[in-house]
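Peer 1: Here it is: the structure, laid out below.
Protein chains in written order, with the working numbering: chain S, 1 to 256; chain R, 1001 to 1246.
Rendered as C-alpha cells:
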C-alpha cells in the first residue's frame, strides 16, 4: 500500500501539487486523471522519487520514502516497476536484454535462470518471436508489452504506468489495459496509472483520483464516475458527445 | 544558469560518477562496449589525419628550409617534435572532441529525452555511474594508445611524403627523427592525453545528461559540448605546457 499525505511540490514560484492526500491499495488498479498541466506527471514522478517533494510524506507499506538515504531509496526502487509513456526501452539492447537488464543488475542468477525468467514474462505479456529484435523494430503495442515485461520481471510490489495507452490504437489499448489489470490481480501489485484515456477509466478504474490545478478534486471508482455531480469531473470525463450520451443512458436520462 | 553554476554542477556530477559500480559484470560489459565505441571506432580517423598531417609538416618544413647552411635532418627532427609535442596529444584530442564528444552528448541526451535515464533511476541504478564511468575509464586508458599510434603514423607520414616528393632523402629524415630523443617528451604527451581524455569523456556527458527538451535541444547540446570540450582542451594544453615544460 502507498500512502500519500499532504504532498506539496513547486517549481520555482509555481506550485504544482498543493497538498494531495491519497491511498493506493495492494491488488488494485488506481488511476490518476486530469487535464494537461493538472500535476499528474509531477505527482507520479514524486511517487517514484524522481522529484523531491517540498513537503508531505509518501509511505510504501509504512516506510516513509523521505526518511530513506540514497542507498535505501535505490533498494526501495527495486520493488518498483515502471512503464513509461514512450516505453523508455534501451535502444542499444534487444528485447531479451532489455527485460533481463534488472535481473543482471540486481540478482545473482545464472544466465540460464535469467533466461527462464525472461521467457516466462515474455510469455505472460504474450510477446512472440521478438527476443532478438531491437526496440526500433517493434510496433508501439509491442514496445509497451516489452516495457510491461521489464517492469514485472523483478516481481515488483508496486507498478506505475505513465499513459500506457498513448499512441496506441483502441484495440491494442484495451489489450494493454487488460494485461495491466490481470498482472495486478495475479501478482497482487499496487498499481498506479496516469492516464488520459477514458476507456481505461471506464474499464479498469477500480479507484480513480481526479487532479485539478494541483489538488485532488475528486476520488471514486469507475461506477461512481457515472453518477458524480462534480462539475469539473463531468466536464473533463464527458467532454466528448459519445461519453455524454453513454452517461445519460447509464443514468436512464436517454436511450443510446 | 551562470558559468560558475555549470562548473559546480559538473563537479557534483563527477561525485556521482566516481562511485563503485553496482554490478561488476555489467560494468565490465559496458566498459568493453565503450572501448569499441569511443576507442576502436576512432582509430581510423586518427590514423588517417595523423599520417597526412605528418606528411604536410614534413613537406612544409622542407619547403621552408632552403638555406644550405641548415642541415636536412632538421626536417625529420621538426616533424618528430611537432607530432610528439602537439599534433598527437592535442590536435588528435580536438578531433576526438568533435567525433566522440558529439557521439557521447547525443547518445546520453537522447536517453534523457526518451526517459531511458529516468527508467534507470526508477530501477534503482545510479545512472551517472552506469553511463559515464565506463566512458571515462575507456577514454583514459585507450586514448594514450591512440596518441602513440598518431605519433608513429605522423612521423611515418613525413617519411612517406619525402620519399614520394623527393624533397629530402630518407637517410636525412631518419637521422633527424633519431636526433636528441628525450623520453620526457613522450611522458609529457601521454600526461596531456590522459587529461584530455578525461575532459572528452566527462564534458560531453555533462551536456547530454542535463539536456532538457527534445531532438533540437539534443542537437544544440552536442554542438555546445564539442565547442566547450575543444576550448577546455586548448586552455588545458596551454597550462599543462607551462607546468610541464615551462
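Here a beta-carbon is modelled for each residue, glycine too, at the ideal position from N, C-alpha and C.
Keep in mind the model is a prediction, meaning the values are calculated, not measured.
(1) Please go through the region 123–159 of chain S and give each complete alpha helix (DSSP H) segment of 4 or more residues, from N-terminal end onward.
(2) Closest to residue 81 of chain S by C-alpha separation, out of S/63, S/232, S/212 and S/180, would be which residue?
(3) Which chain R residues sit within Cβ distance under 7 angstroms of residue 80 of chain S?
(4) Here's a check: name, in chain order, each residue in its chain whose Cβ is nearer than 6 angstroms to the Cβ of residue 1162 of chain R, leaving out the five neighbours to either side.
(5) By DSSP's criteria, residue 1071 of chain R is part of a beta bridge. Which residues make up the other side?
(6) Would residue 1010 of chain R and residue 1206 of chain R qualify as a contact pair, given that the criterion is a beta-carbon distance under 8 angstroms?
(7) Count the CB pairs spanning the region 1087–1107 of chain R and the region 1043–1060 of chain R that are closer than 8 angstroms, and state whether there are at least three.
(8) Along the region 1028–1041 of chain R, where does the CB come closer than 7 angstroms to a CB of chain S? Name the residues.
(9) What did DSSP end up calling residue 88 of chain S once you bin it into helix, strand or coil?
(10) Please find out if some non-hydrogen atom of the ligand PLP comes closer than 7 angstroms to the beta-carbon of residue 24 of chain S.
(11) Counting pairs of beta carbons, one from the region 155–169 of chain S and one from the region 79–93 of chain S, are three or more of them closer than 8 angstroms?
(12) For the region 1099–1131 of chain R, list every residue whose C-beta sits within 7 angstroms of some C-beta in chain S, in sequence order.
(13) Does the region 94–110 of chain S come close enough to the region 139–150 of chain S that 3 or more CB-CB pairs lie under 8 angstroms?
(14) May I have the straight-line CA-CA distance separating residue 136 of chain S from residue 129 of chain S, to the nearest angstrom?
(15) Given a cut-off of 8 angstroms, decide if residue 1244 of chain R and residue 1191 of chain R are closer than it, judged by their beta-carbon atoms.
(16) Using only alpha-carbon positions, find the residue among R/1140, R/1153 and R/1166 that is nearest to residue 1083 of chain R.
(17) For residue 1158 of chain R versus residue 1079 of chain R, is the C-beta spacing smaller than 8 angstroms?
(18) Quick check on residue 48 of chain S: does DSSP put it in helix, strand or coil?
(19) Bridge partners for residue 293 of chain S per DSSP, in chain order?
(20) Does residue 12 of chain S pass the burial test, meaning 16 or more other C-beta atoms within 10 Å, or should it be called exposed?
(21) Answer with yes or no whether the minimum CB distance from residue 86 of chain S to chain R is below 8 angstroms.
(22) Give a yes or no on whether 8 angstroms exceeds the smallest Cβ distance from residue 104 of chain S to chain R.
(23) Among S/93, S/186 and S/106, which residue has its Cα nearest to the Cα of residue 143 of chain S?
(24) Give the interface partners of residue 74 of chain S over in chain R, defined as CB-CB distance under 7 angstroms, in chain order.
(25) In the DSSP output, what is residue 82 of chain S paired with across the bridge?
(26) Could you please tell me which residues of the region 124–158 of chain S, in chain order, have their CB closer than 7 angstroms to any CB of chain R?
(27) Does the separation of the CB atoms of residue 1198 of chain R and residue 1140 of chain R fall below 8 angstroms?
(28) Using the beta-carbon count (16 or more within 10 Å), is residue 122 of chain S buried or exposed?
Peer 2: In terms of the structure at hand:
(1) 140–152
(2) By one-based count along the first chain, residue 81 of chain S stands at place 81. Nearest to residue 81 of chain S by alpha-carbon distance, out of S/63, S/232, S/212 and S/180, is S/180.
(3) Start at 1 with the first residue of the first chain, and residue 80 of chain S comes out as number 80. Simply 1122.
(4) Within the second chain, numbered from 1, the residue matching residue 1162 of chain R stands at position 162. Here the set comprises 1058, 1168 and 1173.
(5) Here the question's residue 1071 of chain R lines up with position 71 in the second chain. According to DSSP, residue 1071 of chain R bridges with nothing at all.
(6) Residue 1010 of chain R sits at position 10 when you count from the first residue of the second chain. Residue 1206 of chain R sits at position 206 when you count from the first residue of the second chain. In this structure, residue 1206 of chain R lies closer than 8 angstroms to residue 1010 of chain R by Cβ.
(7) yes
(8) none
(9) Taking the first residue of the first chain as position 1, residue 88 of chain S is located at position 88. Coil.
(10) Judged by which ligands are present, the structure shown has none, so any question about the ligand PLP falls away.
(11) Flag = yes, the region 155–169 of chain S and the region 79–93 of chain S touch.
(12) 1114, 1115, 1116, 1118, 1119, 1121, 1122, 1123, 1124 and 1125
(13) yes
(14) Working through the first chain from its first residue, we reach residue 136 of chain S at position 136. Working through the first chain from its first residue, we reach residue 129 of chain S at position 129. Straight-line Cα distance between these residues: approximately 15 angstroms.
(15) Here residue 1191 of chain R refers to the residue found at position 191 of the second chain. Here residue 1244 of chain R refers to the residue found at position 244 of the second chain. Yes; because the gap between Cβ atoms is below 8 angstroms, this pair is in contact.
(16) Residue 1083 of chain R sits at position 83 when you count from the first residue of the second chain. Per the Cα distances, R/1153.
(17) Against the second chain, residue 1158 of chain R aligns to sequence position 158. Against the second chain, residue 1079 of chain R aligns to sequence position 79. Taking 8 angstroms as the Cβ cut-off, residue 1158 of chain R and residue 1079 of chain R qualify as a contacting pair.
(18) As a working note, residue 48 of chain S is residue 48 in the first chain. Reduced to three states, the DSSP call for residue 48 of chain S is helix.
(19) Shown here, chain S extends from 1 to 256; a query on residue 293 of chain S therefore has no answer.
(20) Numbered from 1 along the first chain, position 12 holds the residue referred to as residue 12 of chain S. Under this definition residue 12 of chain S is an exposed residue.
(21) The residue you call residue 86 of chain S lines up with position 86 of the first chain. Interface residue, yes.
(22) Position 104 of the first chain, counted from the first residue, corresponds to residue 104 of chain S. For residue 104 of chain S, the answer is yes, since a Cβ of chain R falls inside 8 angstroms of its Cβ.
(23) The count along the first chain starts at 1 and reaches residue 143 of chain S at position 143. Cα-wise, what sits closest to residue 143 of chain S is S/93.
(24) Reading the first chain from its first residue, position 74 is the one you call residue 74 of chain S. Those within 7 angstroms of residue 74 of chain S in chain R are 1124.
(25) In the first chain, the residue the question calls residue 82 of chain S occupies position 82. Answer is S/160, bridged to residue 82 of chain S.
(26) none
(27) Translated into the one-based positions of the second chain, residue 1198 of chain R becomes position 198. Translated into the one-based positions of the second chain, residue 1140 of chain R becomes position 140. Cβ distance < 8 angstroms, so residue 1198 of chain R and residue 1140 of chain R count as in contact.
(28) Indexing the first chain from 1 puts residue 122 of chain S at position 122. Counting Cβ neighbours within 10 Å, residue 122 of chain S comes out buried, since at least 16 surround it.
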